[in-house]
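Below is one structure, written out as structure tokens; comments come after it.
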Amino acid sequence: MIIRFKVDALRETRWYEYLIRFVLGGCMTVAAGLIASRFGPVIGGLFLAFPAIFPASATLVEKHVRERKERAGLRGSKRGKDAAALDAKGATLGSLGLAGFACMVWLLIERSSVLALVGGTLVWLVIATGAWLARPRLG
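Heads up: the sequence shown begins at 1 in my numbering, then just goes up one per residue.
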């Protein structure tokens, strides 16, 4: 799989689709804050780590791929679902890196906030890269 940045894809997204992403992300952040105020920051932080815009992103990826393939005369629904599934797999791999980042920050934060941030970032980079390279064997 070749990773590339397509500027044209930005033009495919309509203004209200960006609004949906921001509203869902904001709602998840508010919900995490409410949970934190009721159950404490440790529990609230778990909910804040939820990839807030993923549900909106996955549906938009499916929609854009489906529409693009149908314009080309191909069956778009299966291809759209496959693209959304691939997006979900990437989010899962990213979450592994996020968990490693959180553990490293938790271990180092009392010693030094700078060390915790640098260490967490390095652990995230190693885990995310390793998961990406291992993804063909992960299934």
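The C-beta atom is built at its ideal place from N, Cα and C for all residues, glycine as well.
key: Best match in A58, S95 and L96 for proximity to D82 [C-alpha to C-alpha]   = If you number the sequence shown from 1, residue 82 lands on position 82. If we check each option's Cα against that of D82, A58 comes out closest.
query = Which stretch, first to last residue, makes up the alpha helix (DSSP H) that contains E70?
reply = Here residue 70 refers to the residue found at position 70 of the sequence shown. Where E70 is concerned, the enclosing alpha helix (DSSP H) stretches over F54 to R71.
task = Within 10 angstroms of the Cβ of E62, are there 16 or more other Cβ atoms? Answer buried if so, exposed if not.
result = Here residue 62 corresponds to residue number 62 of the sequence shown, with the count starting at 1. Label assigned to E62: buried.
ask   = Measuring CB to CB, does L108 end up less than 8 Å from A116?
value = Here residue 108 is taken as the residue at index 108 of the sequence shown, counted from 1. Here residue 116 is taken as the residue at index 116 of the sequence shown, counted from 1. Yes, the pair counts as a contact, with Cβ atoms nearer than the cut-off.
inquiry  = Quick check: what's the CA-CA separation for F22 versus S112?
reply    = The sequence position of residue 22 within the sequence shown is 22, counting from 1. The sequence position of residue 112 within the sequence shown is 112, counting from 1. Rounded to the nearest angstrom, the two C-alpha atoms are 33 Å apart.
inquiry  = Taking contact to mean 3 or more Cβ pairs, one atom from each stretch, closer than 8 Å, check whether the region 128-137 and the region 88-97 are in contact.
reply    = yes
inquiry  = If the criterion is Cβ atoms closer than 8 Å, does the pair L24 and A56 meet it?
reply    = The residue you call residue 24 lines up with position 24 of the sequence shown. The residue you call residue 56 lines up with position 56 of the sequence shown. The answer is yes: Cβ separation under 8 Å.
key: Sub-8 Å separation of S77 and R66 beta-carbons   = The residue you call residue 77 lines up with position 77 of the sequence shown. The residue you call residue 66 lines up with position 66 of the sequence shown. Yes, the pair counts as a contact, with Cβ atoms nearer than the cut-off.
inquiry  = Less than 8 Å between the C-beta atoms of I35 and F54, yes or no?
reply    = Translated into the one-based positions of the sequence shown, residue 35 becomes position 35. Translated into the one-based positions of the sequence shown, residue 54 becomes position 54. No, the pair does not count as a contact, with Cβ atoms beyond the cut-off.
message = Could you tell me the alpha carbon to alpha carbon distance between V42 and A32, rounded to whole angstroms?
response = Along the sequence shown, read from residue 1 onward, the residue named residue 42 stands at position 42. Along the sequence shown, read from residue 1 onward, the residue named residue 32 stands at position 32. Taking the straight line from one Cα to the other gives about 10 Å.
Straight-line Cα distance separating L86 from W132 = Taking the sequence shown and counting its residues from 1, one reaches residue 132 at position 132. Taking the sequence shown and counting its residues from 1, one reaches residue 86 at position 86. Using only the alpha carbons, I get a separation of about 12 Å.
inquiry  = Once the 5 residues before and after G97 are set aside, which same chain residues still bring their CB inside 6 Å of it?
reply    = Indexing the sequence shown from 1 puts residue 97 at position 97. Cβ within range, chain order: W124, I127 and A128.
query = So is A84 buried or exposed if we call it buried at 16+ other beta carbons inside 10 Å?
reply = Indexing the sequence shown from 1 puts residue 84 at position 84. Buried, by the Cβ-count rule.
inquiry  = Suppose the cutoff is 7 Å on Cβ atoms and the five residues either side in sequence are ignored; what does the same chain contact list for A88 look like?
reply    = The residue given as residue 88 occupies position 88 in the sequence shown. If we look at A88 and ignore the five residues flanking it on each side, its Cβ neighbours are A58.
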